[in-house]
Structures are given as C-alpha cells and as structure tokens.
Amino acid sequence: MLLSIQDLRVRFRLGRGAKATWAEAVGRGDTGVSFEVPEHTTVALVGESGSGKSVTAMSILNLLPDNAERRGTIRFQDRDLLAAPLAELQTLRGREIACVFQDPMSSLNPVFSVAHQLCEPLVRHLGMTRRQALARAEALLAEVGLPEPRRRLSAYPHELSGGQQQRVMIAMALACEPKLLIADEPTTALDVTIQRQILELLARLKDKHRMSMLFISHDLGVVGEIADRVVVMRQGTVREQGPVADIFARPQDAYTKALLACRPTLEQRSARLMVIDEHIGGTAAAREAKAKDPQAPVILEVESLTKSFWIRRGVFGRREFQAVKGASFKLRRGHTLGVVGESGSGKTTMGLALLRLHEVSGGPIGGRALFEGQDLLTLSREQMLPMRRRIQVVFQNPYASLNPRFTVAQTLMEPLALHGIGRDDAERRGRASALLAKVGLDDSALPKYPHEFSGGQRQRIAIARCLTLDPELLVLDEAVSALDVSVQAQVLNLLKDLQDELGLAYIFISHDLAVVRFMADEVLVMKDGLVVEQADVAQILDAPQQEYTKRLLGAIPRGYRAAA
C-alpha cells in the first residue's frame, strides 16, 4: 500500500494561553478519518467546503499552520509521516509526494520566471546542474502540452493564461517523478475545455509515470471521470467510500445521494435546485417555474459593441488588440441572458465594458448600449452616476470584492449614504437588515467582518450590496463558479427568487453550461471576441449549430455513467 491514513484527527488552536480553545477540523471526538491510496490508483476526496478534504490532504506532508495538532497514523511506504522530523518531510516534499493547488497564480512566485521555479526542485532534489535542469524543464513543459516550451521558460506567471499556469504547476509537481500527486481542486476555476485538457493530461501522466493521485474536488462530474475510488467527507468525517462505479450507481449514504442530486444538469431544466439539507431531510418544496413574459419591455439593447486594448510594442509603439468584436443582443426585463465561452473569449470584457468599468484611455470602445433609450457608452461620468444605481455587478470572488475592513453593516449602508437613500443611519440600518433577510441572513451578520463568513455567505452579502440601490439589471460575472455544489445551488435559487420577486434582468456570464441551462432564457456563445452563436437556451444546448458550441458541450464532465 502506497499511502495509509488511519484514524486521522486534526484540530486547530484558537487563541492563546488560558483563553485558547480547540476547533475540530478532521475527525469528531474519538472517530477519525481512515482510507488508503494503493499504488497506481486515483482516490478522490469529495465533499462541500469545510468538510475537511484539504486539511486531510495537507496533513500528509504537514503543510498546516503552527496552531494545528494531528493525531492518528499516516504511513507512506511504511514510513510514519506523523512522527517524521521536518528534515525528512522536506526531502519528501516535491521528490516523492508533490502537490498541485487550486489557484496557480497564488502558488507560483510572481517575481521568478518559469525556468527558475521549474529548475529549483531539479537542482535541490536530483542534484542537476543548471544546464541539465533547464533542458529537463523544457522537456517537462513540452510533456504537459505547453506550446513553445523554450520561450515559456523565460516567462513570468502573469504572462500566462490560467490554463497555462496550471500546466506549469503540474510540470513542477512532476519534475522529480513523485510516487504520489496531491491535486487540490486543480480545475475548479478553469473553463470547460481547459478543464477537460487538464483532466486528460493528469490521467495520461499518471499512467505514464505509474504514480498514484489523491484528487480533491467538490464536483462529482469531474471525480466520476478521473477517479478509481471515492471517499465522501462531510463535517470532518468519512460518510462513504468505495469504487467510483459503486458510489455513482448505488450510493448508500444520504449525503452522497444529496451531492449527486443538487447539481444542475444539461439534460433538463428544473424550476429549483435541491440543496443538501432539503434532500437529506426530504423537505424540498415543489415549485413551478414562473413563466417569462415574451413581450416584456427591452431594458438593454446592445448594437455592434466593440472593445479594444492598447498593447505596448517596443519603447514608444503600441498596437490595438480587439477583445470584443461587434456583439449585439436585446435583454428584456425579468429575463436572463447567458454568456458562455472559453477563457479569453471576451465574456467578462463585454460585461465590464457595458458597466463602463474599463478606462477609455486603455483602448477604444465602439457601438451602442441603449439602457432604456440612453447610450451607456456616451454618458459622462456625472451622467453615469445615477445609472450606477440601476446597473450593478456581482463578481466571481466574494473574498476580493468585499472590503475586509468594513463590517457588513458598513458595506450595505455606504452605497445608501452615497446616493442619499434613507433619512438617517437608523433607517439605512433597517434597510440593510431587510436586505440580509432577503438573501437568507439575519441581523447577527451586521457587526461582523467578511472573514467571519463562508464563501457562500460572502456571495450572499455581495448580492445584498447590489440590491441596496434597487437595481434593474445585474451583471453576474462567474458569480457561482468558485462555490461548491450545495452552496452554488442555494445562491442560484436565491437569484431565481429575486428575479421573480423584483423583476430583475441578468447578464449571466459563466463557463458552466449546466448552470447556464438552469438560469438563462437566451444564450450568447463567444469565441475570440466574436458572438459565434445566439439562440434560446434549449436550442443552443440541445441542437447547437456551430462546431465550437458542440466542442464546449463535449468537454463537460458528466460523471462515471456517461464516461463508462
């Protein structure tokens, strides 16, 4: 057996001295987490955020903060890693056990070139010379499918796309041909085609190098395609484990069944997604989809929208790069326009251009964007200010979009004060409280700071902030892509409820076509800045006309049964 974890329990010390308390992260009481990773096998750890997946994986090499305490047994090739001194763990890290993390941009050092970061483990662990390490680094980049590998060696992380950064991370992890690769959510933030490429790359490299993999994910569709065995975790305990075929075809635990049930599907469009607790408790209420008015007034009409950026060439020269090339559409009140495409297709640029969040000095913008008769692209800053009340945006990352120094009350009351809404702070606080109730939070959240909430709660707060000014249009830029399936279902249901109640129009930007099917009425498919296909959501997903759209649909992980 390559790796054996028996009765692992991890807890974290909160505070110091006599006031210190302990919080259990993995294991509950005397019951710990136990599972094994055989040689040349992929074992997947699945579960919601906070289930203990990453803490369990990081315990293997003790990549945990100083306030963590581990108990139990972790044996790697008959070596007890819990008892191993730091020096022994350092020889294992990168040499026999390597890691690939979720966000390559935060894992790669921004001040070092790709060559420097690839050569470091080769020189340290294998004793190669600089020339040998450079040759090996170039071969590794070629092996992971990075185009022009020699030229990429001199690049810095910010000069690469997200998919290219993840390939560099995989190349670094494989540099010393480890026996075990720990992949912690390595495809979560990637679009479907890049995700497909990374999954196929990992599977191919696993077979080539005869290594094992511990794959951590909350997406059972991904897990079903890459794993041999599955370990389902919830609240720090193992709820179920077994071969992937058995887990998908005959799940025994109610939580596993709920995980499989709460994700939207491409095959059918439901009125409401079932969340974990509703599925387990059998309390989900039936809901009819609210019919959309096909004659609802057009709130936004975009004609031949273009957006370019100036790219420096030489010392004084520059060239124009066109990111959006003539997009046109109409959006009716109470309707949702889905915008899909790969990274770099122009989805986000289009949304930000409509919001006037790109500086004109950065590159020209053209076309028209009529919001109830007014062209958003020609308004002055002063004229645009009242429009900010009516058009709001929810970004992908709630961690970055909320001010960490503001309480929730300050976050919600500030826009009200800026726009002169409410007679005094007491009235504004009451309005903030009502908005929190609307997104499923209570008054106890008002004095807290963003770091005191989970990712799903933060996204709810970000949505509540958008609603403070009674907007009519929301631009949702990958608003649920970083959330696990249960929290994602809660937020999507919330957005549907708010649309039905308030008549909101949404521009819903996403790379997840199953989510788009649940949310959208009409879909734009973008590629290289162009709209390549535009139609009703059912027509796009059931009978796509363009080869590019078919490729996007074919890249979606569909779980074990579809893969089988």
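In this note's numbering, the protein residues as written are 652 to 1215.
For glycine and all other residues, C-beta sits at the position ideal for the given N, C-alpha and C.
Residue i vs residue j beta-carbon contact at 8 Å
i, j, result
"Leu-841", "Gly-813", "yes"
"Leu-1143", "Phe-1169", "yes"
"Val-697", "Asp-835", "no"
"Arg-880", "Val-706", "no"
"Arg-914", "Val-1136", "yes"
"Val-1166", "Val-1131", "yes"
"Glu-747", "Leu-831", "yes"
"Arg-803", "Leu-791", "no"
"Leu-852", "Ile-821", "yes"
"Gly-678", "Gly-887", "yes"
"Leu-924", "Ala-1140", "yes"
"Thr-844", "Arg-1202", "yes"
"Leu-653", "Val-688", "yes"
"Ala-1115", "Ser-1052", "no"
"Ile-1191", "Glu-1184", "yes"
Option in the options with minimal Cα separation from residue i
i, options, result
"Gln-1045", "Gln-1110, Glu-747, Val-684", "Reading off the sequence shown, one finds Val at residue 1045, where the question assumed Gln. That would be Gln-1110, whose Cα lies nearest to the Cα of Val-1045."
"Gly-745", "Asp-731, Ala-734, Phe-763, Ile-711", "Ile-711"
"Thr-742", "Leu-759, Thr-692, Ala-695, Pro-829", "Pro-829"
"Arg-722", "Ser-700, Leu-740, Ser-685", "Ser-685"
"Glu-771", "Val-1136, Leu-714, Leu-785", "Leu-785"
"Leu-1097", "Val-873, Gly-1107, Ala-1083, Val-1090", "Ala-1083"
"Asp-928", "Arg-1040, Arg-885, His-1102, Phe-967", "Arg-885"
"Gln-817", "Ala-806, Leu-831, Pro-837", "Pro-837"
"Leu-951", "Lys-704, Ala-922, Leu-988, Glu-918", "Leu-988"
"Ala-1060", "Ile-1072, Asn-1048, Gln-1043, Leu-1087", "Leu-1087"
"Glu-690", "His-860, Asn-713, Leu-804, Ala-676", "His-860"
"Leu-759", "Ala-900, Met-823, Thr-692", "Met-823"
"Met-1023", "Gly-977, Glu-1123, Ala-1004", "With the sequence shown as reference, residue 1023 is identified as Glu, and Met is not the correct amino acid for it. Selected option, being the one with the closest Cα: Glu-1123."
"Val-1182", "His-1070, Met-1001, Ile-725, Asn-713", "Met-1001"
"Leu-1063", "Val-966, Arg-1080, Glu-1010", "Arg-1080"
"Gly-1226", "Leu-1146, Leu-1030, Lys-908, Pro-800", "In the structure as shown, the chain starts at 652 and stops at 1215, and residue 1226 therefore has no counterpart that could be examined."
"Ala-776", "Ala-749, Leu-797, Pro-798", "Here residue 776 is His; the residue named in the question, Ala, does not match the sequence. Taking only the C-alpha atoms, the option nearest His-776 is Ala-749."
"Ile-1207", "Gln-753, Asp-681, Glu-918", "Glu-918"
"Ser-700", "Pro-800, Arg-730, Gln-1108, Ser-921", "Gln-1108"
Boundaries of the beta strand (DSSP E) in which residue i is found, first to last residue
i, result
"Phe-663", "654-665"
"Asp-1187", "1181-1187"
"Met-864", "863-868"
"Ser-959", "949-964"
"Leu-1021", "1016-1022"
"Thr-987", "987-991"
"Asp-976", "What sits at residue 976 in the sequence shown is Lys, not Asp. Run containing Lys-976: 968-983, per the beta strand (DSSP E) assignment."
"Pro-894", "888-894"
"Met-884", "880-885"
"Ala-674", "672-677"
"Leu-1028", "It is not in any beta strand (DSSP E) - Leu-1028 carries neither H nor E in the DSSP assignment."
"Glu-687", "684-688"
"Leu-733", "No beta strand (DSSP E) contains Leu-733, which DSSP labels as neither H nor E."
"Leu-1125", "1124-1128"
Where residue i sits in the DSSP three-state scheme
i, result
"Val-1174", "strand"
"Thr-1000", "helix"
"Asp-835", "strand"
"Cys-770", "helix"
"Ile-849", "helix"
"Cys-827", "coil"
"Arg-1212", "For Arg-1212, the predicted structure reports a pLDDT of 40, less than 50, and the residue's modelled location is therefore unreliable. A value from the coordinates is still provided. Helix, per DSSP."
"Asp-1094", "helix"
"Arg-744", "strand"
"Phe-1057", "coil"
"Gln-727", "Strictly speaking, residue 727 in this sequence is Phe, with Gln absent from that position. Strand at Phe-727."
"Ile-1042", "strand"
"Ala-1156", "strand"
"Val-795", "coil"
"Thr-916", "coil"
"Glu-720", "strand"
"Val-694", "strand"
Boundaries (first-last residue) of the alpha helix (DSSP H) holding residue i
i, result
"Asp-928", "927-932"
"Val-874", "871-877"
"Arg-1080", "1076-1089"
"Asp-944", "That residue, Asp-944, is in no alpha helix (DSSP H); it is neither H nor E in DSSP."
"Val-1142", "1136-1153"
*Specify whether the segment 1150-1163 and the segment 1117-1137 touch according to this definition: at least 3 beta carbon pairs, one from each stretch, less than 8 Å apart.*
yes
*Just checking, does the segment 977-990 make contact with the segment 940-953 on the three C-beta pairs under 8 Å criterion?*
yes
*Would the segment 949-962 and the segment 1004-1018 be scored as touching if the rule is three or more Cβ pairs under 8 Å?*
yes
*Decide if the segment 961-980 is in contact with the segment 1024-1039; the criterion is three or more beta carbon pairs, one per stretch, under 8 Å apart.*
no
*Are there three or more Cβ pairs, one per stretch, closer than 8 Å when the segment 764-780 is compared with the segment 797-810?*
yes
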